[in-house]
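Asker:
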Amino acid sequence: MIEFDNLTPPANGERIEKENGRLVVPNYPITPVIEGDGIGRDIMKATRRVIDAAVETSYGSDRRFVWFDVFAGEIANEKYGEWLPADTFKAIDYFRVALKGPLTTPVGGGFRSLNVTLRQKLDLYACVRPVRYFQGVPAPVTHPEKMDVVIFRENTEDVYAGIEWAQGTSEAGNVIEFLRTQMDTEVRADSGIGIKPISIFGTKRLVRMAIQYAIQHNRRSVTLVHKGNIMKFTEGAFRDWGYEVASEEFPHETITEDEVYSQHNGQAPEGKVVIKDRIADSMLQQILTRTDEYDVIATPNLNGDYLSDACAAQVGGIGMAPGGNIGAEAALFEATHGTAPKYTDKDVVNPSSLILSAVMMLEHIGWQEAANLAIQGIEKTIIQKRVTYDLARLMDSATSIRTSAFASAIIENFSN
Ligand code: NAP
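Each residue of the sequence shown is one higher than the last, beginning at 24 in this note's numbering.
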């Protein structure tokens with residue numbers, strides 16, 4: 024068993040193993056949980072209740088999560104004087120699948136976001152965001168139900184990699200000088216500098232994961248979203264390497280959009296995943312005007328950032344949007360909103376983003392029946408207009424209920 028500095032894993036569970044790249048999930052998996060700061064306590068309590076109930080209703084006593092509390096953020100800083108203790112990385116890496124509430128980003132002191140640090144240190148290279156509509160949720164478009172996409176956003180490269188130097192520093196000056204003297208390229212002397220790396224390795228592993236997901240879940244297409252018309256050697260290369268993964272590694276399972284038109288009269292053959300690409304600005308139009316033509320999406324970091332929130336807004340805001348950060352070794356599922364500190368311990372906020380992230384976790388480990396049950400519970404509860412304040416204020420004649428009561432209503436609806 025792995026050794027920790029300050030933590031003791033529960034004795035009544037087992038580690039999720041990996042064989043030939045596939046998870047081997049025991050009946051009682053030890054699952055690290057970071058409760059999170061601010062509203063984290065309320066939404067994590069609600070989420071654990073809903074997920075435990077969904078698992079128990081689906082499998083009786085044959086399966087159960089063995090939650091293992093690990094620490095990050097304000098609680099970790101109070102307990103250990105560190106915002107992100109080594110034990111926390113170790114636990115997520117070792118036990119492979121973990122759940123996380125929102126974390127405060129400490130202000131000042133040159134801190135990077137704890138969330139970004141977790142993703143980068145654990146090499147959780149894909150940020151996966153499914154976006155779909157829940158009936159009854161107020162939305163700004165006429166047909167929000169047409170949205171059902173899963174966005175795979177690269178997490179480790181692009182301008183988000185954080186390779187940048189402030190204007191006026193010697194580092195920025197050195198780069199500008201290097202560009203002028205060695206690369207015959209003029210950049211204004213008073214510029215700040217950021218670097219945008221996009222690699223074959225980083226692109227291929229992301230697109231591979233998106234195509235595998237599309238095949239396993241009988242999805243119709245994978246769209247590569249890029250800005251390759253302008254940034255040819257980064258974004259354009261992302262598109263080219265993406266098509267390469269499809270043709271080299273999945274020749275029987277995929278077909279390009281061009282082939283669909285040139286060889287099949289525009290009708291994709293049964294069972295083939297269509298690989299297509301769109302330029303990012305056009306994609307932001309298309310997702311509004313031709314919503315149901317898009318399915319799985321693979322894209323570099325910054326495009327993915329914009330697109331995820333734009334898609335989520337279209338179906339009623341990011342309060343309902345779940346997320347998972349997935350790497351070769353570990354996966355961390357998390358709410359996509361922040362700590363909303365003014366609502367701390369008030370038992371009023373919407374736990375749906377975290378519950379739906381835990382649903383992704385259930386799907387990730389193959390506990391599909393429990394995942395379906397949790398979704399059914401949320402759907403019914405929203406249709407009954409028993410919702411938290413954020414949704415109630417936008418709906419006609421809805422009852423605003425507490426976070427804990429919303430969780431109870433979801434569980435009640437498992438059996439209705
Ligand atoms: P925020 O915590 O997401 O909250 C902004 C507003 O969004 C809230 O005041 C509330 O709006 C609404 N909201 C967020 N979560 C909600 C929920 N579950 N139910 C209902 N309404 C919800 O954003 P922020 O205030 O910009 O950030 C606060 C802290 O969170 C910062 O330290 C930031 O760094 C951190 N953060 C962490 C993560 C993460 O852990 N992944 C992500 C983003 C931000 P109303 O008051 O209008 O109802």
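Even glycine gets a Cβ: it sits at the ideal position worked out from N, Cα and C.
Because the structure is a prediction, the values reported are computed rather than measured.
Which residue's Cα is closest to the Cα of Asp281: Tyr266, Trp188, Phe273, Gly294?
Answerer: Tyr266
Asker: Can you give me the Cβ contacts of Thr140 inside the same chain, cut-off strictly under 8 Å, excluding the 5 residues immediately before and after it?
Answerer: Leu107
Asker: Here's the rule I'm using: 16 or more other beta-carbon atoms within 10 Å means buried, otherwise exposed. How should Asp110 be labelled?
Answerer: buried
Asker: Ignoring anything shorter than 4 residues or poking outside the region 376-425, list the alpha helix (DSSP H) runs there in chain order.
Answerer: Here the runs fully enclosed are 391-406, 412-415.
Asker: Can you tell me whether Leu355 is helix, strand or coil according to DSSP?
Answerer: strand
Asker: Sorted by chain position, which residues of the same chain lie with C-beta nearer than 6 Å to Asp28's C-beta, five sequence neighbours on each side aside?
Answerer: Asp110
Asker: In three-state terms, what does DSSP make of Leu442?
Answerer: This structure does not reach residue 442, given that the chain is present from 24 up to 439, and the question cannot be answered.
Asker: Mapping DSSP to helix, strand and coil, what is Asn252?
Answerer: coil
Asker: What residue range is occupied by the uninterrupted alpha helix (DSSP H) comprising Asp332?
Answerer: 324-337
Asker: Rounding to the nearest angstrom, what Cα-Cα distance links Arg425 and Val372 in this structure?
Answerer: 7 Å
Asker: Is Val151 near ligand 1, with its Cβ less than 6 Å from a heavy atom?
Answerer: no
Asker: Please confirm whether Gly400 and Phe437 have their CB atoms less than 7 Å apart.
Answerer: Cβ atoms of Gly400 and Phe437: closer than 7 Å.
Asker: Is it buried or exposed, His360, if we count other Cβ atoms within 10 angstroms and call 16 or more buried?
Answerer: buried
Asker: For Thr127, verify whether its CB is less than 6 Å away from any heavy atom of ligand 1.
Answerer: Short note on Thr127: C-beta closer than 6 Å to some heavy atom of ligand 1.
Asker: Do the CB positions of Ile174 and Ile320 come within less than 7 Å of each other?
Answerer: yes
Asker: Would you identify the three-state DSSP class for Asn348, choosing helix, strand or coil?
Answerer: strand
Asker: So, under 8 Å CB-CB, His249 and Arg262 are touching, yes? Tell me the CB distance rounded to an integer number of Å.
Answerer: 5 Å
Asker: Sorted by chain position, which residues of the same chain lie with C-beta nearer than 8 Å to Pro52's C-beta, five sequence neighbours on each side aside?
Answerer: Gly36, Glu37, Arg38, Ile39, Phe88, Val89, Phe118, Val120, Ile388
Asker: Which of the three DSSP states, helix, strand or coil, is assigned to Gly361?
Answerer: DSSP places Gly361 in coil when its eight states are reduced to three.
Asker: What three-state label does DSSP hand Lys102 in the structure shown?
Answerer: helix
Asker: Quick check: does the Cβ of Gly361 come within less than 6 Å of any heavy atom belonging to ligand 1?
Answerer: yes
Asker: Take Val297 as the anchor and find which of Ser270, Ala303, Met383 has the nearest alpha-carbon.
Answerer: Ser270
Asker: Just to confirm my understanding: we take Asp370, look at its own chain, exclude 5 residues before and 5 after, and list those with CB closer than 7 Å. What are they?
Answerer: Asp65, Arg425, Thr426, Ser427
Asker: Can you list, in chain order, the residues of its chain with a C-beta nearer than 6 Å to that of Asp146? Leave out the 5 residues immediately preceding and following it.
Answerer: Gly350
Asker: What does the alpha-carbon distance come out to for the pair Leu30 and Asp60?
Answerer: 19 Å
Asker: Would Ser420 be called buried (16 or more neighbouring beta carbons within 10 Å of its own) or exposed?
Answerer: Its Cβ having fewer than 16 others within 10 Å, Ser420 is exposed.
Asker: Would you kindly check if the distance between the Cβ of Leu229 and the Cβ of Ala149 is under 7 Å?
Answerer: yes
Asker: Less than 7 Å between the C-beta atoms of Ala397 and Val410, yes or no?
Answerer: no
Asker: Under three-state DSSP, which class holds Thr54?
Answerer: strand
Asker: With DSSP as the reference, identify every bridge partner of Asp92, one or two as the case may be.
Answerer: Val56
Asker: Just how far apart, CA to CA, sit Ile406 and Asp85?
Answerer: 31 Å
Asker: Sorry if obvious, but does the Cβ on Gly139 come closer than 6 Å to a heavy atom of ligand 1?
Answerer: The sequence as given places Val at residue 139; Gly does not occur at that position. No, the beta carbon of Val139 sits no closer than 6 Å to any heavy atom of ligand 1.
Asker: What are the boundary residues of the alpha helix (DSSP H) that Val73 is part of?
Answerer: 63-82
Asker: When the Cα atoms are used, what is the spatial distance from Phe356 to Gly289?
Answerer: 38 Å
Asker: Can at least three beta-carbon pairs, one atom from the region 179-198 and one from the region 157-164, be found at a separation below 8 Å?
Answerer: no
Asker: Can you tell which of Glu26, Ser380, Lys68 has the C-alpha that lies nearest to the C-alpha of Leu122?
Answerer: Ser380
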